[in-house]
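A short worksheet on the structure shown next.
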Amino acid sequence: MKYRHGAGRAAFFLAALAISGMGWGLSGQEEGLSPPEGPEATVFRGGVAPAAVDAVRREGALSIDGRLDDPAWQPAPVITDFVQGIPVEGAEPSEPTEVRVVFDDAAIYVAARMYESDPGSIRARLTRRDERGSFDSFKLSLDPNRDGLTGYEFEVSAAGAETDRYLFGDTQEDTNWDAIWDSAVQIDARGWTVEMRIPLSQIRYEARPGMQTWGINFERRRLETNETVYFALQSRTARGRVSQFGTIDGLQLPQSSRRFEVRPFAVSQYHTAPATPGNPLFDGTEMEPRGGLDMSMGIGSAFSLDATIYPDFGQVEVDPEVINLTAFETFFPEKRPFFVRDAQIFTFAGSRGGRFGGGKALFFSRRIGREPRGSGPYDADFHEEPTQTSILGAAKLTGRTSGGLSVGALAAVTGQEMGNAYFAEGDHLTPFVAEPQAEHAVLRLQQDFRGGASKIGLIGTGLKRELPADGTFDFLPSEAFSFGVDFEHQWGGRRSRDFRLWGFYSSSLVRGSNAAMLRLQRNPNHYYQRPDAPHLAIDSTATSMFGSDWRVQLERESEHWTWGAWAGQQTPGFEINDFGFLTSGERLDVGGRISYRNIRPGNLFRNYNISLFTFHNFRHSLLEGNLRDRSNWARAHDAGSAWFSGRFTFLNNWGFNLNFSYSPQTQSDTQTRGGPLMTEPAEFGVRVDANTDRSRSFHVSPNFSYRMADQGRGHDMSTGLNISYRPLPNWRVSVNPSFNDRRDGAQYVTRTTTLSYEPTFGTRYLFGDLHRRGFSMETRLNVSFTPDLSLQLYAQPLLTSGDYVGYRQLAAAGTFDFLDHEEGRVYRFNGIVTGCTGGTTCTRDGVRHFDFDGDGELDYLTRDRDFNVRSLRGNAVFRWEYRPGSQLFLVWQHARRENVPFGSFDLNRDLEGLFFAPAENVFIVKVSHYLSI
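In this note's numbering, the protein residues as written are 81 to 1013.
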């Protein structure tokens, strides 16, 4: 096997930490290797007692070939007698494992033998680097700082595929981290063996005179029995992961490992798409060569300085197609290597996602180099804008001091992006600013205490835009700042971690013109214009906006019972979307959960978990009313729900999940898109998931969910099936077809002040009775020719329809009552639509007409909303790591999309139409070369 590097440049960081503390043992019966004798023939035992091993300096030659016959292993103590973590915690392993560890000034070395009474049962399935899968594997985990919070994992499968991860926060992992390290495996009549070499340059540690103690753990996964064994038991009944590591003593690392890495890359992209007749800006093809440079320099052994010039935009992976009819933007994760690497150090406790309060992050790196928002002159015939804003340069400093202070600092500059507008009259081009220049900065500090059981952190972000003097970008803030402090304290129990109190406070400040602040006050996160919100009001003279967000949560962890409770608040002015991500508005938040789990196999279940969860959000209007008044609470109730869920794993490793949910009636402040409150009817839901044994070559996972709302709001039914199959050890095919049928009786359409309507404050709010149906089928094929050479195919056909079977108008604020518009027929005079007969609404040629007062004269028109979306997105990625840390990518991206106004769902028709939809192709050749100086 060879040294490894991954897609990201975080490799230098995480690998360095991983190297520092491994210990593997051998049986001493390998060819050319006899068991140790005398007082040094120590056998270390893991398990529930504190697990520890002594480090031995390497003496003699050592080649990484998986054979374990090098003299350097001879004096190393054997680590044996692992303890089972899964399926029976604390039980004896079914097969023995032996490990040895040695080190020198450059690296840490590990050798391990995994015994197998039947070598034919070894699951040696070949995958590409960092791909999760079902295979026998051996893993080394290191905590060089011994802080119980951060660490590194290096895993090798029985087929030689490597995976590495950076661990942080004691429980979380960064799978995007990649290091350059060396491993090799061999399968023989007694089982399989592995050798690993982890360069010290790839991990962060403190170089100092004298002996050092690091955290360490070893883990073996054996699929024949679905068994996981550990050197230091990683209990499922205790919170934490890194904090449960054992220790390795006697490391002598007086000098830091010098490191300076350079990764130049070149990308050539060829783009084809349908051309518009008469458009001189795009003739259907486009060639775009470009290049950049990433650099990483070790500052001591614990810090890294990274810099990039024109960084890679990560075009290898594509974002999936989504149909978003909400008021909020869709979140897509970061994929660019420079920003992915060491991203976890910037994680703030106030960052969260999901359905319990919306997505939130003070720092969202995809805002750097975002899609330009300038549209150019409105009267131009054609526009051409770049797809991304160029990043002129970026740098970041990350690391951790010996005193437990983690530091992350990042700065980036994006350039002014220009577009072109074409005017047919006069046949001339006019350049325009598509995005102004901007400077971005973020600083994150976190200090831990008590071996990682307590910590406190700070974060600050800043954005400054160089807005053009002509006012074309005055709709954007000129400056945006955020600040946050978070904390965590654990105590109680044998490990002082049974109880956990954590929380955060963050604030935001945005500055800009009156137009920018007015736009922010009106956007979906704020809706200051709501006519029935006395605690809010539009300020047209404002040049800044300030807000805050906080949360405190108490949790309890034990073998069977776990629980948590929290309270929080987000003020109306909290705004972070210029440099962060936010999809929720003001609220007072309370909630709690309680769970019972059993991890010990019984007569039917291998393990199970039953839990109850509830949360409730209230608007700040609650505090301005009478807290003893029930109607005040009901009016302020913005969102809430309760769940009962059960997860069960049978003895044969089949699984079954059952979830029931109930959401009481609430008052929504977003359904009318800035209008008055509107009742959100109560809703009941059920979801069922199942899976066969995922360790097998063929397994399936069906799922079904159904939600039903009161007062005719509608229903939502989804069903899907995930099929995964390995026809060969190095092939994996997965198909995930899904179908959705949804009826929403109140899908927002538009609003108008035509014929003032006083029950809703003078504005009419129009909704549709929308029937949506959709089919999607994600398909993946992964072929690993060698651990360094792979092919990945991905395709996502998506067909969805939206049929507005009826239109209605909100009858009164704060209700779910409507005035239905009866469908009629178009009446035309001299070819012009002048009215609707037989109803108060009608449509023709894609235009929807309304007669609000029924007097036969048309009052309002808008576009008809019926739609069909036919989409196909996919790519083919050929990866070759032609030398350690250097990669060649050949990529083909294909996309075709078409919108047609049928409204009805017809699978055969839409599939056939999909293959005639306009197609776009992108061909990419990317080469990156790793140089270590």
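Note that CB positions come from ideal geometry on N, CA and C, so glycine has one too.
Quick one: is residue i buried, meaning 16 or more other Cβ sit within 10 Å of its Cβ, or exposed?
i     : result
W630  : buried
L27   : Since the first residue shown for the chain is 81 and the last is 1013, residue 27 is missing from the structure and cannot be characterised.
S1008 : buried
S323  : buried
E838  : exposed
A501  : buried
V927  : exposed
S558  : buried
N910  : exposed
Q335  : exposed
V123  : Low per-residue confidence applies at V123: pLDDT is 40, beneath 50, and the placement is therefore not dependable, though the value from the model is reported in the following sentence. V123 comes out exposed.
N683  : exposed
For a test of the three-state rule: what should DSSP assign to residue i, helix, strand or coil?
i    : result
A239 : coil
A741 : A small fix is needed here, since residue 741 is Ser in this sequence, not Ala. Note: S741 maps to strand in three-state DSSP.
W257 : coil
F325 : coil
T305 : helix
E838 : helix
Q967 : strand
P199 : helix
L106 : A caution first: L106 carries a pLDDT of 32, below 50, which makes its placement in the model unreliable, though a value can still be read off. Coil.
R446 : helix
P369 : strand
A521 : strand
R530 : helix
Any beta carbon of chain D sitting closer than 8 Å to that of residue i?
i    : result
V493 : Considering every chain present, this structure includes no chain D. It has just one protein chain.
Starting from residue i and walking both ways along the alpha helix (DSSP H), at which residues does that stretch end?
i    : result
P417 : P417 to V420
N988 : L987 to L994
S586 : Not the alpha helix (DSSP H): S586 falls in the beta strand (DSSP E), residues F579 to R591.
Please name the residue in the options whose C-alpha comes closest to that of residue i.
i    : options                   : result
P516 : Q496, L598, R530 and H351 : Q496
I536 : R524, E546 and D990       : R524
T251 : I159, V168, Q424 and N737 : Q424
N697 : G648, N737 and I471       : G648
G665 : P744, Q751, F584 and S743 : Q751
G506 : L472, D461 and P279       : D461
D933 : F909, D900 and V1005      : D900
L757 : T317, F685 and S748       : S748
Y458 : E760, F503, E368 and F419 : F503
G371 : A346, G358 and S638       : A346
G765 : D790, R774, S781 and T772 : D790
Q147 : I389, A171 and R270       : The sequence given here places Arg at residue 147; Gln does not occur at that position. The option with the nearest alpha carbon to R147 is R270.
F210 : S864, A318 and G572       : Reading the sequence as shown, one finds Asp at residue 210 and not Phe. If we check each option's Cα against that of D210, S864 comes out closest.
R580 : L731, A533, E139 and D718 : A533
G430 : L703, A770 and S586       : S586
G735 : G754, E704, W723 and R686 : R686
Just reading off the beta strand (DSSP E) that residue i is part of, what are its end residues?
i     : result
A716  : Per DSSP, A716 belongs to no beta strand (DSSP E); it is in the alpha helix (DSSP H), R710 to A716.
G490  : Reading off the sequence, residue 490 comes out as Leu, not Gly. Taken as a continuous stretch (DSSP letters only), the beta strand (DSSP E) holding L490 covers L485 to T494.
N594  : Here N594 belongs to no beta strand (DSSP E); instead the alpha helix (DSSP H) covers N594 to R602.
E961  : F947 to R963
S701  : Element bounds for S701: not the beta strand (DSSP E) but the alpha helix (DSSP H), S701 to E704.
W734  : Taken as a continuous stretch (DSSP letters only), W734 belongs to no beta strand (DSSP E), as it is neither H nor E.
W153  : W153 -> no beta strand (DSSP E), and no H or E assigned at all.
P817  : W811 to T832
G672  : R667 to N678
Q349  : F340 to T352
S870  : L869 to L890
T1102 : In this structure the chain extends from 81 to 1013, so residue 1102 is not present and cannot be described.
R767  : E763 to N771
Would you be able to state if there are at least three C-beta pairs under 8 Å between the segment 869-883 and the segment 227-242? The answer is no - the segment 869-883 does not touch the segment 227-242, with fewer than three Cβ pairs under 8 Å.
Are the segment 621-641 and the segment 588-607 in contact at 8 Å, needing three or more beta carbon pairs? Touching, per the Cβ criterion.
Could you tell me whether the segment 240-255 touches the segment 209-226, where touching means 3 or more Cβ pairs closer than 8 Å? With a cut-off of 8 Å, the segment 209-226 and the segment 240-255 count as touching, because enough Cβ pairs lie within range.
Evaluate the contact criterion for the segment 156-167 versus the segment 294-308: three or more CB pairs, one atom per stretch, below 8 Å. A contact exists between the segment 156-167 and the segment 294-308.
Does the structure place the segment 964-977 close enough to the segment 993-1007 that three or more beta carbon pairs sit under 8 Å? Verdict: yes, contact present.
Flag this pair as touching only if the segment 916-931 and the segment 816-827 have three or more C-beta atom pairs under 8 Å; answer yes or no. They do not touch, by the three-pair rule.
Would you call the segment 608-616 in contact with the segment 548-563, where contact means no fewer than 3 C-beta pairs closer than 8 Å? Verdict: no, contact absent.
Segment contact flag, the segment 273-292 with the segment 376-391, C-beta cutoff 8 Å, min 3 pairs: At 8 Å Cβ cutoff, the stretches touch.
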